[in-house]
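Keeping their order, the protein sequence lines are chains V and H. At the far end of the first sequence sits residue 235, using my numbering, and the numbering has no gaps. At the far end of the second sequence sits residue 1235, using my numbering, and the numbering has no gaps.
Protein chains: 2
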Amino acid sequence: MFKREVSCEKCSLRPICLASAISPEQLDEIDRIVRRGRSIKRGETLYHASSPFESVYAVRSGAIKTYSLAPDGEELVTGFYLPGEILGLEGISQQEHTSTAVALETSTVCEIPFKRFGELAVKIPSLQQHFFSIMSEEIYKDRTLHRLLSKRSADERVIALLLSLSARHRRRGLSGNEFRLPMSRYDIGNYLGLAVETVSRIFTRLNKSELLEVSGREIKIPCLTTLRESYMKES
Amino acid sequence: MFKREVSCEKCSLRPICLASAISPEQLDEIDRIVRRGRSIKRGETLYHASSPFESVYAVRSGAIKTYSLAPDGEELVTGFYLPGEILGLEGISQQEHTSTAVALETSTVCEIPFKRFGELAVKIPSLQQHFFSIMSEEIYKDRTLHRLLSKRSADERVIALLLSLSARHRRRGLSGNEFRLPMSRYDIGNYLGLAVETVSRIFTRLNKSELLEVSGREIKIPCLTTLRESYMKES
DNA sequence: TACAAATACTGACTCAGATCAATATTTCCC
DNA sequence: GGGAAATATTGATCTGAGTCAGTATTTGTA
């Protein structure tokens, strides 16, 4: 027995999701347009690149990765999305999805039909403002990734990703010190612009140090501050 | 004698700027909130990182670069903005500018006070939609940069930047085959995650090939299709 | 018009991380 | 629970681009 169809109002993810900072009556309006409880199994696709853009999605549980393919078929992992996070935003301007979203583990998502959302955002200025903010945040995070890719060493990139995942767990009230990676070494390497072998070697090396305990996809960070500082020092 | 203070209505950049796809009456409303004609000389700053976020800006003429500094002072060039393009979007979510914008040559900009813009976007749904689209476009372009940085060779990165500048010139009705780079080799390298020396060597090499004629910052592309194809082939 | 400073170029050398080639381990079904 | 496929690790070798060092050219300014 598990809870499905939790309204935004009752959703534990509300403070970090789309419906934060919205008054109760307005919450109700959002609640009416959100399609909840869609479940996707590991490896299944939420949307495909070049399918018509109709909705953005909020992750309710699980983990989703997005990737795009170059004309020659080369894959690029463009992001990892955890509960409370919104995906599909790059599709708005193109009128179609520009990446494919697949579940890394069994996940549930809330679908937010974008046309109706726009109509609502016009009626609720604070919702419009919040959505501007969510998109701006995405742009801001892309700047961080830009720096990571063009200035940081392989080790620093991997540590930065772990710290990011840790912070996102903590934000949901979970442990930031111990978690399981939902993605493969391949995905990590692809996302960070590194070869799988390099990622693997870095995990082995970090595991030998006191900074991290790695066992397959299980990660334990004994001390976040130390890890953060070691990351700083390397840069 | 030169024209200042051209209204959005009369602005030749309208089709590619913020005020595209807006009806004449509504155009008038936008016109009233835009602060026009601010001129900044080469090397002068439009806004500083960590100054309060109040406006986004549209380039009217010239060229602007944005950069951010890491805690240790390391610079990262985050973007180049040409006439008709909007900058400052990453500041929305942070309530302050997260990068510094400086003019690469004498430029004029239009300032769009963001609070008033938000109020207007609520009244004009198509304007809201268009702004969603502009932000989405920025996210989409960041994905392209992500691929460039994590999958492409130094040569391909430089060619991709040239092709992007060329396309942006053409969009304004200018020649896409001949133009002057507003930015230094250093800026190009920094933006693309390459050492200055590498950028310099690539220009020399391209100049020796038939693909490009380079003389300092003057660029001539004899055949765009050939350049585009050579770029594809290398990938 | 000249000269200092900034920018750009070139060459020699080095190295982080890619690639290639196995082997080990985990995961997923039947 | 067993065996195949997918994922992860490890080692040896190679290479694209970085670094260092010096020179050339352009640009802005007096």
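Built from N, CA and C at the ideal position, the CB exists for glycine as well.
* Asked: Taking the C-alpha atoms as reference points, what is the distance between THR1066(H) and LEU1194(H)?
  -> THR1066(H) and LEU1194(H) have their C-alpha atoms some 17 Å from each other.
* **Residues of its chain near SER20(V), where Cβ-Cβ distance is below 8 Å and the 5 sequence neighbours each way are ignored** => Excluding positions up to five away in sequence, the list reads ARG14, HIS130.
* To do: Rank LEU1018(H), ILE1139(H), ASP1187(H) by C-alpha distance to the C-alpha of ALA1103(H) and give the top, closest one.
  => The residue with the shortest Cα to Cα distance from ALA1103(H) is ASP1187(H).
* Any chain H beta carbon closer than 9 Å to ALA70(V) -> Look at ALA70(V): its C-beta is under 9 Å from a C-beta on chain H.
* Does the beta-carbon of CYS1008(H) have 16 or more other beta-carbons within 10 angstroms, so that it is buried, or is it exposed? -> Under this definition CYS1008(H) is a buried residue.
* Helix, strand or coil for GLU1054(H), going by three-state DSSP, please let me know. => For GLU1054(H), the secondary structure class from DSSP, reduced to helix, strand or coil, is coil.
* Beta-bridge partners of ALA1101(H), as assigned by DSSP -> The secondary-structure analysis by DSSP pairs ALA1101(H) across a beta bridge with TYR1047(H), THR1066(H).
* Quick one: list the residues of chain V neighbouring VAL1122(H), beta-carbon separation under 7 Å, in chain order. => Residues of chain V passing the Cβ test: VAL122, PRO125, GLN128.
* Asked: Could you give the distance in angstroms between the alpha-carbon of LEU1069(H) and the alpha-carbon of ASP28(V)?
  -> Roughly 42 Å separates the two Cα atoms.
* With hydrogens ignored, establish whether the beta-carbon of GLN129(V) is closer than 8 Å to any heavy atom of the ligand FAD. => Because no ligand of any kind appears in the structure shown, any question about the ligand FAD cannot be addressed here.
* Leaving out the 5 sequence neighbours to the left and right, which residues in its chain are closer than 6 Å to SER1055(H) when beta-carbon positions are compared? -> Within its own chain, the residues whose Cβ lies closer than 6 Å to the Cβ of SER1055(H), once the five positions on either side in sequence are excluded, are GLU1111, ILE1112, PRO1113, PHE1114, listed in chain order.
* Given 8 Å, three or more beta-carbon pairs between the stretch 33-41 of chain V and the stretch 128-148 of chain V -> Contact between the stretch 33-41 of chain V and the stretch 128-148 of chain V is absent, because fewer than three Cβ pairs lie under 8 Å.
* To do: Compare the C-beta of ALA227(V) with all C-beta atoms of chain H and state if any pair is closer than 9 Å.
  => The identity of residue 227(V) in the sequence shown is Leu, whereas the question assumes Ala. Using beta-carbon distances, LEU227(V) does not count as an interface residue toward chain H, since no partner is under 9 Å.
* Are any of the Cβ atoms in chain H nearer than 9 Å to that of LYS151(V)? -> Output row for LYS151(V): interface = yes.
* To do: Given a cut-off of 9 Å, decide if ALA1063(H) and SER1107(H) are closer than it, judged by their beta-carbon atoms.
  => Contact flag set, yes.
* For the stretch 131-215 of chain V, which segments carrying the beta strand (DSSP E) assignment without a break, of at least 3 residues, lie completely within its bounds, in sequence order? -> For the stretch 131-215 of chain V, whole beta strand (DSSP E) runs of length 3 or above, ordered along the chain, are 178-180, 213-215.
* Asked: What is the DSSP secondary structure of SER1039(H), reduced to helix, strand or coil?
  -> For SER1039(H), the three-state secondary structure derived from DSSP is strand.
* **Residue-level contact to chain H via CB, PHE132(V), 9 Å cutoff** => Taking CB atoms only, PHE132(V) has a neighbour in chain H less than 9 Å away.
* Within chain H, the residues that SER136(V) reaches when beta carbons sit closer than 8 Å -> For the C-beta of SER136(V), the chain H residues within less than 8 Å are, from N- to C-terminus, LEU1089, GLU1090, GLY1091, ILE1092, SER1093, GLN1094, MET1135.
* Asked: According to the Cβ coordinates, are LEU165(V) and PHE179(V) closer than 9 Å?
  -> Their beta carbons are under 9 Å apart, which means LEU165(V) touches PHE179(V) by this criterion.
* Asked: How big is the Cα-Cα spacing for LYS1208(H) and ILE1202(H)?
  -> Each residue's Cα considered, the two are about 10 Å apart.
* Helix, strand or coil: which one does DSSP assign to VAL34(V)? -> In the three-state reduction of the DSSP assignment, VAL34(V) falls in the coil class, being assigned neither a helical nor a strand state.
* Based on the DSSP secondary-structure assignment, which residues constitute the bridge partners of LEU76(V)? -> Answer by DSSP bridge pairing, in chain order: SER68(V).
* Which residue's Cα is closest to the Cα of SER1153(H): VAL1199(H), THR1204(H), LEU1174(H), LEU1120(H)? -> Comparing Cα positions, the closest option is VAL1199(H).
* **Beta-carbon neighbours of ILE139(V), restricted to chain H and to distances below 9 Å** => At a C-beta separation below 9 Å, ILE139(V) has these neighbours in chain H: LEU1089, GLU1090, ILE1092, SER1093, MET1135, GLU1138, ILE1139, ASP1142.
* **Proximity below 9 Å, CB of ALA1101(H) to CB of TYR1057(H)** => Taking a C-beta distance under 9 Å as the contact criterion, ALA1101(H) and TYR1057(H) qualify as a contact pair.
* Asked: Between TYR47(V) and PHE1132(H), what straight-line distance do the alpha-carbon atoms span, to the nearest angstrom?
  -> Straight-line Cα distance between these residues: approximately 20 Å.
* Using a Cβ cut-off of 9 Å (strictly closer), state whether GLU1119(H) contacts chain V. => For GLU1119(H), the answer is yes, since a Cβ of chain V falls inside 9 Å of its Cβ.
* **9 Å Cβ cutoff, GLY1062(H) in contact with chain V** => No - not a single Cβ of chain V is within 9 Å of the one on GLY1062(H).
* To do: With a threshold of 16 other CB atoms inside 10 Å of the CB of SER1012(H), please say whether the residue is buried or exposed.
  => It counts as exposed.
* Use the C-beta contact count for ALA1136(H): other C-beta atoms within 10 angstroms, 16 or more gives buried, fewer gives exposed. => As written in the sequence, residue 1136(H) is Ser, which differs from the Ala given in the question. Flag for SER1136(H) reads buried.
* Could you confirm whether any beta carbon from chain H is found closer than 9 Å to the beta carbon of HIS48(V)? => Not closer than 9 Å to any Cβ of chain H, the Cβ of HIS48(V) fails to qualify, so no.
* Taking Cβ to Cβ, would you say TYR191(V) is nearer than 9 Å to PHE80(V)? -> Against a cut-off of 9 Å, the Cβ pair of PHE80(V) and TYR191(V) comes out as a contact.
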